[in-house]
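Enquirer: If you scroll down you'll find the structure; I have some questions about it.
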Amino acid sequence: MVDALNMALAYEMRVNKHVVVLGEDIGVNGGVFRVTDGLLKKFGRERVLDTPLSETLIVGMSIGMASQGLRPVAEIQFSGFVYPGFDQIVNHASRLRNRTRGVLTCPMVVRMPSGGGIHAPEHHSESVEAFFTHVPGLRVVIPSSPKRAYGLLLASIRDPDPVIFLEPTRLYRLGKEVVEDTGEALPLDRCFVLREGKDVTLVSWGASIHETLLATDALLKEGVSAEVIDVATLKYLDEATILQSVKKTGRLVVIHEAPEMSGFGAEIMARVLERGLYFLLSPPRRIAGFNCVMPLYRLEEHYIPSVERIVAEVRELLAAS
Amino acid sequence: MKKEVARFAITHTQFVDENGNMNEDFPQDVPSSDILTQWYKTMVLTRVFDGKAINLQRTGKMGTYASSEGQEAVGVGLASAMQEGDVLVPTYREHVAQMMRADSPESAMTKILLFWGGDERGNMREGIGKDDFPACVPIGTQTCHAVGVASAFKIRKEKRAVVCTVGDGGTSKGDFYESLNCAGAWQLPVVFVIVNNGFAISLSRDKQTNSLTLAQKGIAAGIHFCQQVDGNDVVAVYEAVRVALQRARAGQGPSVIEALTYRLSDHTTADDAKRYRSSEEVKVARKKDPLLRSRALLERLGHWDASLEEELQKQSHASVESAVKSYFDIIENHPQTASDMFVFLHEHIPESLVQQQGRALSEKKGGIGGH
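In order, the protein sequence lines correspond to chains W and X.
Start counting at 1 in the first sequence, then tack on 91, and there's your number in the working numbering.
Start counting at 1 in the second sequence, then tack on 36, and there's your number in the working numbering.
This is the structure we're talking about:
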């Protein structure tokens with residue numbers, strides 16, 4: 092996924108001279124995950140900016156740049172460190188268009204690694220999507236494959252409004268997929284149906300898609316046919332695709348790594364209950380991170396919903412209906 | 037072995053004292069008496085506007101309002117030093133600078149009234165300097181935006197500069213330090229004007245920081261033009277900002293100008309300053325009122341008298357009344373609809389919001405507690 096993201100950045104910087112990237116260690120060092128590797132050499136210091144170590148400033152400065160017609164793509168080194176910039180995102184980036192009745196706009200992307208699974212230190216494995224989906228004026232995107240990473244990042248940079256772009260850390264180097272550098276963007280308001288099935292709808296996003304697909308394979312061996320939906324664009328949510336699937340399968344399981352409490356799974360479940368309650372053959376279920384602080388890495392396999400946990404809970408659900 | 041490795045100094049500049057006397061180093065070439073007169077007129081207009089806005093709030097015709105009474109010289113000085121292509125990144129108390137950069141002061145005043153009057157259309161700012169930022173309500177966050185705008189100018193090699201105002205309270209915030217730091221590191225074309233009005237709501241300047249001046253906060257950021265000026269002396273503010281902008285446009289980097297003034301009014305109409313400062317203190321501050329000083333100077337120069345003053349008061353009230361009339365005309369005869377909170381959220385309104393908008397439009401305004 093790192094290469095696909097790098098390719099998307101390079102593509103858009105090539106075709107649009109207004110695109111600039113900025114953040115900590117993203118220039119000379121190419122980013123701690125190497126997503127911006129080589130961009131400095133290709134596009135120069137004026138468009139690849141190594142900023143001082145200050146997240147508030149990185150986001151706030153991007154707002155100022157965007158208001159001037161640039162297309163800043165800011166990197167926050169780890170999502171656990173986005174909180175100083177949260178004020179700028181919530182109070183300004185998301186509202187600048189509204190605050191000026193469209194005179195000043197804020198076409199910017201804030202990229203950040205998301206989630207655990209790479210044995211990182213404290214604060215380096217957080218799943219923060221729900222903080223952002225709650226904020227009016229933002230879009231929230233999280234890809235789960237190199238191809239989707241490429242197409243969705245292009246779409247996010249081209250979007251006329253601010254986009255929070257979360258990159259699942261443990262998918263950065265996982266799985267090889269050939270991505271063609273076509274410059275074609277993917278839509279920012281559509282779910283991706285990754286597997287078709289008839290017994291249960293598994294809705295997930297980001298890194299959890301990986302475990303969800305493995306669980307689907309395991310369930311299939313037991314004769315359970317699961318449909319898998321990747322909600323790569325959490326906001327705005329493609330509710331129709333999910334409802335359509337639940338109508339077909341009659342069962343809903345939402346899987347995510349972030350804590351269950353007030354997680355985005357609650358939003359999906361609420362929408363299905365409001366608009367598709369009578370499609371359901373059994374109570375819907377969430378399989379999510381526990382409502383604990385993200386543990387230090389020796390416990391993270393107990394915290395992040397595993398293939399085994401997904402299989403077991405789907406089995407329970409099916410047995411009860 | 038110890039040796040001195042750095043030494044710094046902050047100067048304070050005043051050209052016109054509180055009695056309207058010109059100091060010896062008063063700049064002879066600028067400004068002309070016409071300009072001085074115009075500045076005075078603008079300050080008076082702003083004072084009349086503030087008074088009217090407070091009355092509108094007190095009589096229930098407008099919401100909470102932040103008065104700029106006492107700090108008019110800072111806004112007039114800095115706005116006069118700016119060129120059209122420069123960008124103003126203001127706090128919520130910079131009414132006069134916004135008025136000066138608008139198509140007309142009346143149109144700016146109407147928009148300011150709409151904003152504090154709770155109408156979504158008060159978010160409008162066409163006319164208030166094309167690229168200028170809107171009044172920033174959170175404290176100090178705008179300093180980061182100013183750095184971004186200045187970076188854009190530098191990236192594009194444009195000969196433009198940014199003026200960013202921040203209060204004394206804002207200089208306690210991380211945003212402010214981060215912005216100064218980056219502006220210094222990258223030598224950006226931005227002028228930070230610290231409007232030191234003595235208070236962060238109730239917390240007086242001496243309790244906010246042990247820093248001797250606020251201007252010196254720029255020195256630690258490697259900003260080479262850091263000065264303190266008498267913020268009630270419009271000439272001193274103008275001259276400092278003019279030089280700072282000249283430096284910025286010439287690629288000589290950022291500046292920090294601390295303008296010492298005093299917030300004569302409450303923090304906002306929701307505040308009662310008597311709780312935290314004495315009437316004696318305010319009485320002393322009133323003697324340094326920038327309007328008294330400008331008028332005294334003009335009188336000394338033979339450009340002002342009682343009849344001109346009477347005429348100015350009349351004109352200013354008429355101008356404010358015309359803005360107030362537009363405000364009432366808009367809110368009473370052309371009321372906003374529930375749509376106004378949806379339409380500028382994104383360039384293209386997403387489907388789920390279209391549905392909510394329909395719902396909002398279909399319902400009459402409901403009752404909620406508190407009002």
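Even for Gly, the Cβ is constructed at its ideal location relative to N, Cα and C.
Quick caveat, the model's predicted, so the values are computed rather than measured.
1) Taking Cβ-Cβ distances shorter than 7 angstroms, what residues in chain X pair up with E137 (chain W)?
2) Checking the sheet assignment: what are the DSSP bridge partners for P204 (chain W)?
3) Should M136 (chain X) be labelled buried (16 or more other beta-carbon atoms within 10 Å of its own) or exposed?
4) Just checking, does the region 307-316 of chain W make contact with the region 275-284 of chain W on the three C-beta pairs under 8 angstroms criterion?
5) By the DSSP assignment, the beta strand (DSSP E) with G113 (chain X) in it spans what residues?
6) Under the rule that 16 or more other beta-carbon atoms within 10 Å means buried, what is V271 (chain X), buried or exposed?
7) Are at least three pairs of beta-carbons, each pair with one atom in the region 210-230 of chain X and one in the region 263-283 of chain X, less than 8 angstroms apart?
8) Mind pulling the alpha helix (DSSP H) runs of 4 or more residues that sit fully within the region 38-123 of chain X?
9) So, for Y327 (chain W): in the same chain, excluding its five sequence neighbours on each side, which residues have a beta-carbon less than 6 angstroms away from its beta-carbon?
10) From this set, W:R136, W:I395, W:E330, which residue's C-alpha is nearest G297 (chain W)'s C-alpha?
11) At a CB-CB cut-off below 8 angstroms, which residues of chain W make contact with H181 (chain X)?
12) Please tell me whether V294 (chain W) and I248 (chain W) are closer than 7 angstroms, where the distance is taken between their beta carbons.
13) At the 7 angstroms Cβ level, is R299 (chain X) part of the contact set with chain W, yes or no?
14) Any beta carbon from chain W within less than 7 angstroms of L149 (chain X)'s own beta carbon?
15) Considering only residues of the region 160-197 of chain W, which uninterrupted beta strand (DSSP E) runs meet the minimum length of 3 residues and lie entirely inside it, listed in chain order?
16) Can you list the residues of chain X that R188 (chain W) reaches, using a CB-CB cut of under 9 angstroms?
17) For R395 (chain X), does the count of other Cβ atoms within 10 angstroms reach 16, so buried, or fall short, so exposed?
18) T177 (chain X) versus chain W: which residues are under 7 angstroms apart at the beta carbon?
19) Which of helix, strand or coil does DSSP assign to L243 (chain W)?
20) I'd like to know whether the C-beta atoms of M92 (chain W) and P237 (chain W) end up nearer to each other than 7 angstroms.
21) Buried or exposed, going by whether 16 or more other CB atoms sit within 10 Å of the CB of Y369 (chain W)?
22) Does S362 (chain X) get closer than 7 angstroms to chain W when you measure Cβ to Cβ?
23) Can a CB atom of chain X be found closer than 7 angstroms to the CB of G228 (chain W)?
24) In angstroms with no decimal places, state the Cα-to-Cα distance between V183 (chain X) and L148 (chain W).
25) Rounded to the nearest angstrom, how far is the Cβ of N217 (chain X) from that of A257 (chain X), given a contact under 8 angstroms?
26) Does the beta carbon of P278 (chain W) come closer than 7 angstroms to any beta carbon on chain X?
27) So P141 (chain X) is in the alpha helix (DSSP H); what residue range does that whole segment cover?
28) Can you have a look at E146 (chain W) and say buried or exposed, based on whether 16 or more other CB atoms are within 10 angstroms of its CB?
29) Can you name the start and end residues of the beta strand (DSSP E) that H347 (chain W) belongs to?
30) Give the C-beta separation of G267 (chain X) and A295 (chain X) to the nearest angstrom, bearing in mind that I take them to be a contact with Cβ-Cβ under 8 angstroms.
31) Strictly by DSSP, which residues pair up with S291 (chain X)?
32) With C-beta atoms as the reference, is Q393 (chain X) less than 7 angstroms away from F378 (chain X)?
33) Report back the beta-carbon spacing between Q252 (chain X) and F44 (chain X) to the nearest angstrom; my notes put them in contact at under 8 angstroms.
34) Taking its Cβ as the centre, do 16 or more other Cβ atoms sit within 10 Å of T249 (chain X), making it buried, or is it exposed?
35) For chain X, is any of its Cβ atoms less than 7 angstroms away from the one on Y327 (chain W)?
36) Can you name the residues of chain A whose CB is closer than 7 angstroms to the CB of S247 (chain W)?
Expert: In this structure, then:
1) Correct list: I191.
2) Bridge partners of P204 (chain W): W:E258.
3) For M136 (chain X), the number of other beta carbons within 10 angstroms of its own is at least 16, and it is reported as buried.
4) No, the region 307-316 of chain W does not touch the region 275-284 of chain W.
5) Not the beta strand (DSSP E): G113 (chain X) falls in the alpha helix (DSSP H), residues 108-117.
6) With at least 16 other beta carbons inside 10 angstroms of its own, V271 (chain X) counts as buried.
7) Contact between the region 210-230 of chain X and the region 263-283 of chain X is present, because at least three Cβ pairs lie under 8 angstroms.
8) The alpha helix (DSSP H) runs lying completely inside the region 38-123 of chain X and spanning 4 residues or more are 69-94, 108-117, given in chain order.
9) Closer than 6 angstroms at the Cβ level, and outside the excluded window around Y327 (chain W), lie D280.
10) Checking every option, the nearest Cα to that of G297 (chain W) belongs to W:I395.
11) Close to H181 (chain X), with beta-carbon spacing below 8 angstroms, are these residues of chain W in chain order: G151, M152, I154, G155, S158, H183.
12) Contact flag unset, no.
13) Cβ-Cβ to chain W under 7 angstroms: no for R299 (chain X).
14) False, the Cβ-Cβ gap to chain W never drops below 7 angstroms.
15) Counting only runs of 3 or more, we get 162-166.
16) The answer, in chain order, is F380, L381, H382, E383.
17) Exposed: under 16 other Cβ atoms inside 10 Å.
18) Simply G151, D178, Q179, N182, H183.
19) Look at L243 (chain W) here: in three-state DSSP terms it is helix.
20) In this structure, P237 (chain W) lies closer than 7 angstroms to M92 (chain W) by Cβ.
21) Sixteen is the threshold: since fewer than 16 other Cβ atoms of the shown chains lie within 10 Å of the Cβ of Y369 (chain W), the residue is exposed.
22) Judged by the 7 angstroms Cβ criterion, S362 (chain X) is not in contact with chain W.
23) Interface flag for G228 (chain W) against chain X is set, since a Cβ pair is found closer than 7 angstroms.
24) Taking the Cα positions, V183 (chain X) is about 8 angstroms away from L148 (chain W).
25) Yes, they are in contact, since the Cβ atoms of N217 (chain X) and A257 (chain X) sit about 5 angstroms apart, within 8 angstroms.
26) Taking Cβ atoms only, chain X never reaches closer than 7 angstroms to P278 (chain W), which makes this a no.
27) For P141 (chain X), the uninterrupted alpha helix (DSSP H) run begins and ends at 141-152, by DSSP.
28) Note on E146 (chain W): 16 or more other CB atoms within 10 angstroms of its CB, so buried under the neighbour-count rule.
29) Looking at the DSSP string, the run of the beta strand (DSSP E) that includes H347 (chain W) is 343-350.
30) G267 (chain X) to A295 (chain X), Cβ: 3 angstroms. Contact.
31) Beta-bridge pairing links S291 (chain X) to X:V227, X:F261.
32) Their beta carbons are under 7 angstroms apart, which means Q393 (chain X) touches F378 (chain X) by this criterion.
33) At roughly 7 angstroms, the Cβ-Cβ gap stays under 8 angstroms, so Q252 (chain X) and F44 (chain X) are in contact.
34) Buried is the call here.
35) By this cut-off, Y327 (chain W) is an interface position.
36) Looking for chain A here will not work: the only protein chains present are W and X.
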